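Participant: If you scroll down you'll find the structure; I have some questions about it.
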Amino acid sequence: MTFNTSLRKKPLVLVVDDDLSLRLSIGAAMEKAGFQVIDAENGREGLTLFQSKKPDLILLDVMMPEMDGFETCAAIRKLPEGKYTQILMVTGLDDIQSTERSFEVGANDFVAKPLNLMLLGHRGKYMLRAGQAFQELNKS
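Counted the way the working numbering counts, the sequence shown spans residues 17 to 156.
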């Protein structure tokens, strides 16, 4: 599986967070950095959007109603199309247990709130490059 960017002009990022203002702020920052943005207000909606839109990158809040970020990340990783998708966990919990659990369920990276929106786009681009390199290594 290659990144879906070959089918689109810009990489697609899925922002999953129950806080509307944060979704809008993250979305605006990612659009400014050259991404297309779709968003979901909870993990269940995020999982459905992931399956239908197949984004290149997911910014996933940890604490959400219905299905939290840990459950959502684990569910995405179980799907064949979720194997190489880059997932950045976003949380207000800045403790070692949350960080460890994020990586245990398959996140590629973890960032604590408050977010530096100026750097978020750069981080997303770096994650896509790193994911592409990892994917190419697995092919050889």
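Virtual Cβ for every residue (Gly too), placed ideally from N, Cα, C.
Values in this document were obtained by computation on a predicted structure and should not be read as measured data.
Pull the bridge partners of L104 from the DSSP assignment, please.
Facilitator: According to DSSP, L104 bridges with L75, D125.
Participant: Count the C-beta pairs between the segment 79-93 and the segment 47-55 that are closer than 8 angstroms, then say yes if the count reaches three, no if not.
Facilitator: Contact between the segment 79-93 and the segment 47-55 is absent, because fewer than three Cβ pairs lie under 8 angstroms.
Participant: Grouping DSSP H, G and I as helix and E and B as strand, with all else coil, what is L30?
Facilitator: It is a strand residue.
Participant: Between K69 and the rest of its own chain, which residues show a CB-CB distance below 8 angstroms, the 5 nearest in sequence each way excluded?
Facilitator: So the qualifying residues of the chain are L28, L30, I54.
Participant: What are the partner residues of A56, as DSSP defines its beta bridges?
Facilitator: Paired residue(s): V32.
Participant: So, for G59: in the same chain, excluding its five sequence neighbours on each side, which residues have a beta-carbon less than 7 angstroms away from its beta-carbon?
Facilitator: Hits under 7 angstroms: V32, M80, E82, M83, D84, G85, E87, T88.
Participant: Between S37 and chain D, is the shortest Cβ-Cβ distance under 8 angstroms, so that the two count as touching?
Facilitator: Given the protein chain composition of this structure (a single chain), no chain D is represented.
Participant: Pick helix, strand or coil for S114, following the three-state DSSP scheme.
Facilitator: Helix at S114.
Participant: By how many angstroms is the C-alpha of T101 removed from the C-alpha of P71?
Facilitator: Going from the Cα of P71 to the Cα of T101 covers about 8 angstroms.
Participant: In whole angstroms, what is the alpha-carbon distance linking M17 and G122?
Facilitator: With a pLDDT of 37 at M17, under the threshold of 50, the modelled position of this residue cannot be trusted; read the value that follows with caution. For M17 and G122, the distance between alpha carbons rounds to 18 angstroms.
Participant: Grouping DSSP H, G and I as helix and E and B as strand, with all else coil, what is P96?
Facilitator: Helix.
Participant: Between the Cα of F150 and those of K129, R139, N124, spot the shortest distance and give me the residue it belongs to.
Facilitator: That would be N124, whose Cα lies nearest to the Cα of F150.
Participant: Assuming M143 contacts L73 (C-beta within less than 8 angstroms), just tell me the rounded distance between them.
Facilitator: With a Cβ gap of about 6 angstroms, M143 and L73 count as contacting.
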